[in-house]
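Numbered per my numbering, the sequence shown spans residues 134 to 584.
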Amino acid sequence: AHLARVEAVDEKVHAFLHVDREGALETARRVDAKRAAGEKLGPLAGVPLALKDIFTTEGVPTTVGSRILEGWVPPYDATVTRRLKDADVVILGKTNMDEFAMGSSTENSAYGPTGNPWDLTRIPGGSGGGSSAALASFQAPLAIGTDTGGSIRQPAAVTGTVGVKPTYGGVSRYGMVAFSSSLDQGGPCARTVLDAALLHEAIAGHDPLDSTSVDAPVPAVVEAARNGDVRGMRVGVVTEFSGEGYQDGVMRRFTESVELLRELGAEIVEISCPSFTKALAAYYLIAPSECSSNLARFDAMRYGLRVGDDGTRSAEDVTALTREAGFGPEVKRRIMLGTYALSSGYYDAYYGSAQKVRTLITRDFQRAFESVDVLVSPTTPTTAFPIGERADDPMAMYLADLCTIPSNLAGNAAMSLPCGLAPEDGLPVGLQIIAPAMADDRLYRVGAAVE
Ligand code: GLN
């Protein structure tokens, strides 16, 4: 049924870069056979899923939305892919994304943009716009995304779906193509809080193949999603996430959600986190710096595309020609920014200062969580903007992640879930819930209460 749905609508939506029809049907048949034989089934047996094209999949192409990996077929599965297979999930295919997960609209994909199912002329968010659009257009009930600065939560917000960035280290990064390793975090996307929790539990947990994986029990997210009792919980409203630039309808729905939490028995307090105003600036030094190092591996020798290798050119020339043709403009911009920020003479002024701001942001969170259980804010300042509107204005594009980036810098857990439609444009608004590291269960408890 889901493959038929993909066939019927994805020509218009363009959520998928690759549909693995045969693989999906084969898995579905295998699950059926197991069920018929009375064998033990995985926790998500037979449930279809859309996988962001940043996770390696053995024998199935993985492009990361880039020409530079065109034609590359990974010889191994990412840990997330492996765990999905162990859970007997049916992977339908790989979803569209901004190239190397750099962007907030999926317009930076080398393979063309994805439409927002609520209005195909608008962006589905990014970088994981393919995954959010697949959910919102009912092509899959579950999806996987990655969140370096908001790429799970912002697409969820603008498509009326649920997306969770687990605590950093909560879900393995092994086989997840690296953008900014100290920020990157894979996580679940779904249409309900409980669905997200079930997927979260299937993919989370310690992985010896990822040196930053947390070796501790997975928070009890499913139990929390089934509970939804917020009586006596203390909820902090972040003062800095409001004011100029926030759409009226977004603030209206956000304020209603806060009122709902109060009615359900939560105690609401205002919390100021002054360093959050510097988060965007710090992020756009740290993420490009790490990307400039991580993307050095795309040298035309190891993977994918190779341009100009006609027997007359040096290896350096082939690498340069391949990068010129294989990387898009945003990726080149980030590599140049990062290389500059890390260069001798500038390192302390740029990268060093950004790391200090990162520490201040972490301290703001620590102080806040001394007096509240969770923080809440709008996920994004505005609803989905029209495709093309911010494409030539990187600064305007970067603002989409104003409220999501602090949690990546601090490494704590955060969720976006739908909280209604903005009256002025009828488009979905996202509520963001933020919890301390390894308290991911609180996101699900609060999310289930207001869903
Ligand atoms: N939009 C942000 C960026 O372009 C975040 C992307 C992400 O989370 N992968 O870097």
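Ideal Cβ placement from N, Cα and C applies to all residues, glycine included. As the structure is a computational prediction, the values presented were derived from the model and not from experiment.
{"Query": "Supposed close pair Arg286, Thr515 - CB separation, criterion 8 Å", "Result": "In fact, because the Cβ distance is near 14 Å, the residues do not count as touching under 8 Å."}
{"Query": "Limits of the unbroken beta strand (DSSP E) element including Ala243", "Result": "Here Ala243 belongs to no beta strand (DSSP E), and DSSP marks it neither H nor E."}
{"Query": "Neighbourhood of Gly437 by C-beta, 7 Å cutoff - its chain only, sequence neighbours within 5 removed", "Result": "Ile201, Leu202, Glu203, Gly204, Trp205"}
{"Query": "Heavy atom of the ligand GLN within 7 Å of Phe188 beta-carbon", "Result": "no"}
{"Query": "Beta-bridge partners of Val107, as assigned by DSSP", "Result": "Residue 107 is absent from the structure shown; the chain starts at 134 and stops at 584."}
{"Query": "Residue span of the alpha helix (DSSP H) that contains Thr212, given as start and end", "Result": "212-219"}
{"Query": "Rounded Cβ spacing between Leu394 and Val562 (contact assumed at less than 8 Å)", "Result": "Not quite, the Cβ-Cβ distance comes to about 15 Å (not below 8 Å), so this is no contact."}
{"Query": "Between the CA atoms of Val304 and Pro551 - distance to the nearest angstrom", "Result": "23 Å"}
{"Query": "Simplified DSSP assignment, three categories, for Phe460", "Result": "coil"}
{"Query": "Thr300: CB within 7 Å of a non-hydrogen atom of the ligand GLN", "Result": "no"}
{"Query": "Distance cut-off 7 Å: Glu282 Cβ against heavy atoms of the ligand GLN", "Result": "In the sequence under discussion, the amino acid at residue 282 is Gly, which differs from the Glu named in the question. Yes, since a heavy atom of the ligand GLN falls inside the 7 Å radius drawn around the Cβ of Gly282."}
{"Query": "According to DSSP, residues forming a beta bridge with Val164", "Result": "Beta-bridge pairing links Val164 to no other residue."}
{"Query": "Met528 versus Leu413 - alpha carbon distance", "Result": "10 Å"}
{"Query": "Asp432 beta carbon near the ligand GLN (any heavy atom closer than 7 Å)", "Result": "no"}
{"Query": "Runs of beta strand (DSSP E) wholly within the stretch 295-346 (minimum 3 residues, chain order)", "Result": "295-298, 319-323"}
{"Query": "8 Å contact criterion, which Pro194 and Ala273 should meet: CB distance rounded", "Result": "Pro194 to Ala273, Cβ: 18 Å. No contact."}
{"Query": "Ser284 (DSSP reduced to helix, strand or coil)", "Result": "coil"}
{"Query": "The alpha helix (DSSP H) enclosing Lys145, as first and last residue numbers", "Result": "135-146"}
{"Query": "Check: Phe518 C-beta below 7 Å from any heavy atom of the ligand GLN", "Result": "no"}
{"Query": "Gln499, buried or exposed, once every other Cβ within 10 Å from all chains shown has been counted against 16", "Result": "exposed"}
{"Query": "Where Ser476 falls, given that 16 or more other Cβ within 10 Å makes a residue buried", "Result": "exposed"}
{"Query": "Beta-bridge partners of Asp252, as assigned by DSSP", "Result": "Asn249"}
{"Query": "Inter-residue Cα distance where the pair is Arg324 and Gly262", "Result": "14 Å"}
{"Query": "Residue(s) in a DSSP beta bridge with Ile468", "Result": "DSSP output for Ile468 lists no bridge partner at all."}
{"Query": "With 16 other Cβ atoms within 10 Å as the buried cut-off, status of Arg430", "Result": "exposed"}
{"Query": "For Phe149 and Met235, the rounded distance between their alpha carbons", "Result": "18 Å"}
{"Query": "Asp481 burial status per 10 Å Cβ neighbour count (16 or more: buried)", "Result": "exposed"}
{"Query": "Cβ shell of Ser540 (< 6 Å), same chain only, five flanking positions each side left out", "Result": "Ala547, Ile567"}
{"Query": "Cβ-heavy atom distance, Ser199 to the ligand GLN, below 7 Å", "Result": "no"}
{"Query": "Candidates Ala357, Phe312, Thr345: closest to Glu334 by CA position", "Result": "Ala357"}
{"Query": "Simplified DSSP state of Pro539, which is helix, strand or coil", "Result": "helix"}
{"Query": "Closer than 7 Å: Ser422 CB and nearest the ligand GLN heavy atom", "Result": "no"}
{"Query": "Beta-carbon spacing of Leu225, Val139 below 8 Å", "Result": "yes"}
{"Query": "For Val402, three-class secondary structure by DSSP", "Result": "strand"}
{"Query": "Option in Gly471, Tyr479, Ala433, Met469 with minimal Cα separation from Gly459", "Result": "Ala433"}
{"Query": "Helix, strand or coil at Met548 [DSSP, three-state]", "Result": "strand"}
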